[in-house]
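A.B. asks:
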Amino acid sequence: MLGAPADRTGNPTASPSEAVRAAAAILGDLAQIDVPIGPLTTYRVGGRAALFVQVGRLDDLAVLANAVQVSGLPVHVLGRGSNLLVADAGFEGIVVSTTALTDRFEIDAHSGIVRAGASVALPVLARQTAARALTGFEWAVGVPGSIGGGQASAAICPAATPSRPRRSSGSPGSSGRRPAGAAARSSPRRYGPR
Ligand SMILES: Cc1cc2nc3c(=O)[nH]c(=O)nc-3n(C[C@H](O)[C@H](O)[C@H](O)COP(=O)(O)OP(=O)(O)OC[C@H]3O[C@@H](n4cnc5c(N)ncnc54)[C@H](O)[C@@H]3O)c2cc1C
0 MLGAPADRTG NPTASPSEAV RAAAAILGDL AQIDVPIGPL TTYRVGGRAA
50 LFVQVGRLDD LAVLANAVQV SGLPVHVLGR GSNLLVADAG FEGIVVSTTA
100 LTDRFEIDAH SGIVRAGASV ALPVLARQTA ARALTGFEWA VGVPGSIGGG
150 QASAAICPAA TPSRPRRSSG SPGSSGRRPA GAAARSSPRR YGPR
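Counting in numbering that gives the first Met the number 0, the sequence shown runs from 0 upward without gaps.
1) Excluding the five sequence neighbours on either side, which residues of its own chain have a C-beta within less than 7 Å of the C-beta of A154, listed in chain order?
2) Compute the minimum distance between the beta carbon of G92 and the heavy atoms of ligand 1, and state whether it is under 7 Å.
3) Roughly how many whole angstroms lie between the Cα atoms of S16 and V95?
4) With burial defined as no fewer than 16 other Cβ atoms inside 10 Å of the residue's Cβ, what is the status of T41: buried or exposed?
5) Is the CB of T97 under 8 Å away from at least one CB in chain B?
6) What residue does the alpha helix (DSSP H) around S199 start on, and which one ends it?
7) With a threshold of 7 Å, establish whether the CB of I230 neighbours any heavy atom of ligand 1.
8) Please work out which residues of its chain come closer than 7 Å, Cβ to Cβ, to G80, disregarding the five sequence neighbours upstream and downstream, and give them in chain order.
9) Go ahead and pull the three-state DSSP assignment for P143.
10) Quick one: Cα of A88 to Cα of S110, how far?
11) State the CB to CB distance for the pair G148 and N82, rounded to an integer number of angstroms; the pair is presumed to be in contact (CB under 8 Å).
12) Write down the C-beta distance between G2 and F90 rounded to the nearest angstrom, noting that I regard them as a contact closer than 8 Å.
13) Assign L29 to one of two classes, buried (16 or more other C-beta atoms within 10 Å of its C-beta) or exposed (fewer than that).
14) Enumerate in chain order the residues of its own chain whose CB-to-CB distance from A120 is below 7 Å, with the five nearest sequence positions on each side excluded.
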């Protein structure tokens with residue numbers, strides 16, 4: 000749940016509006032003010048963020064860190080918003096998206112190694128790995144989140160008893176399918192209705 004303001008440092012901070020102004024002054028063009036966040040989530044409900052930052056370069060993170068330190072505002076990293084319910088009252092803090100920085104992936108069908116940025120959509124990677132004859136990540140095709148959000152939320156396969164990744168019995172494209180080395184987990188935990 001993304002909602003009420005919080006002081007993450009425990010130190011006295013300026014009032015929210017002063018803190019927002021201080022952060023906005025440091026962030027400059029990086030920040031948008033009073034942005035609806037609910038529409039950026041799967042459920043499309045909820046209020047606005049005082050500040051919204053789309054990180055496009057690594058240097059932006061240093062500016063962001065400075066703004067957070069000076070203002071004391073809480074920060075929320077937004078993925079695809081599929082595990083997020085935004086309060087109607089909104090969020091008096093900084094919502095950060097890294098989509099522009101981390102939306103690339105590489106698939107080596109020969110080795111089965113997959114490298115994916117945090118913002119890559121799980122269904123996209125599931126389809127792309129399957130299309131290259133890699134197996135083990137198909138379960139993610141119906142999960143409307145991202146790699147980073149999945150990691151942060153400890154996303155797991157919805158299967159009641161996840162099986163071990165299957166071993167390749169041949170080269171991709173011939174008789175076998177290689178297990179994808181992506182973020183598939185073999186956790187015994189369950190997700191969703193049993
Ligand atoms: C219809 C539906 C089906 C689902 N099925 C499954 C399922 O089968 N298995 C399962 O485990 N979950 C499932 N989920 C839950 C959800 O999709 C996963 O938790 C998902 O992977 C969250 O990713 P997201 O990008 O949407 O993250 P968000 O909802 O945006 O964020 C979730 C958390 O991750 C953090 N986060 C997001 N991106 C980053 C990043 N780049 N760096 C650091 N932290 C980040 C956020 O701050 C937040 O704490 C389902 C949800 C829906 C709506």
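Built from N, CA and C at the ideal position, the CB exists for glycine as well.
C.D. replies: Working from what's here:
1) Counting from one through the sequence shown, the residue named residue 154 turns up at place 155. Once the five neighbours on either side are set aside, the close Cβ partners of A154 are V142, G144.
2) Looking up residue 92 in the sequence shown gives position 93. No, Cβ of G92 sits at least 7 Å from all heavy atoms of ligand 1.
3) In the sequence shown, the residue the question calls residue 16 occupies position 17. In the sequence shown, the residue the question calls residue 95 occupies position 96. If I take the Cα positions, the gap works out to 18 Å.
4) As a working note, residue 41 is residue 42 in the sequence shown. Exposed, because fewer than 16 other Cβ atoms sit within 10 Å of the Cβ of T41.
5) Reference to chain B is not applicable here, since this structure consists of a single protein chain.
6) Since the first and last residues shown for the chain are 0 and 193, residue 199 lies out of range.
7) Because the chain is modelled from 0 through 193, residue 230 falls outside the range shown and cannot be assessed.
8) Here residue 80 refers to the residue found at position 81 when the sequence shown is read from its first residue. L39, T40, T41, listed in sequence order.
9) Position 144 of the sequence shown, counted from the start, is the residue given in the question as residue 143. Reduced to three states, the DSSP call for P143 is coil.
10) To locate residue 88, count along the sequence shown from 1; it is residue 89. To locate residue 110, count along the sequence shown from 1; it is residue 111. Cα-Cα distance, rounded: 49 Å.
11) Reading the sequence shown from its first residue, position 149 is the one you call residue 148. Reading the sequence shown from its first residue, position 83 is the one you call residue 82. About 6 Å separates the two Cβ atoms, so the contact holds.
12) As a working note, residue 2 is residue 3 in the sequence shown. As a working note, residue 90 is residue 91 in the sequence shown. So it is a contact: roughly 6 Å between Cβ atoms.
13) Taking the sequence shown and counting its residues from 1, the one referred to as residue 29 is at position 30. Answer is buried; the Cβ neighbour count reaches 16.
14) For the purposes of this step, residue 120 is taken as the residue at position 121 of the sequence shown. Result list for A120: R79, S145, in chain order.
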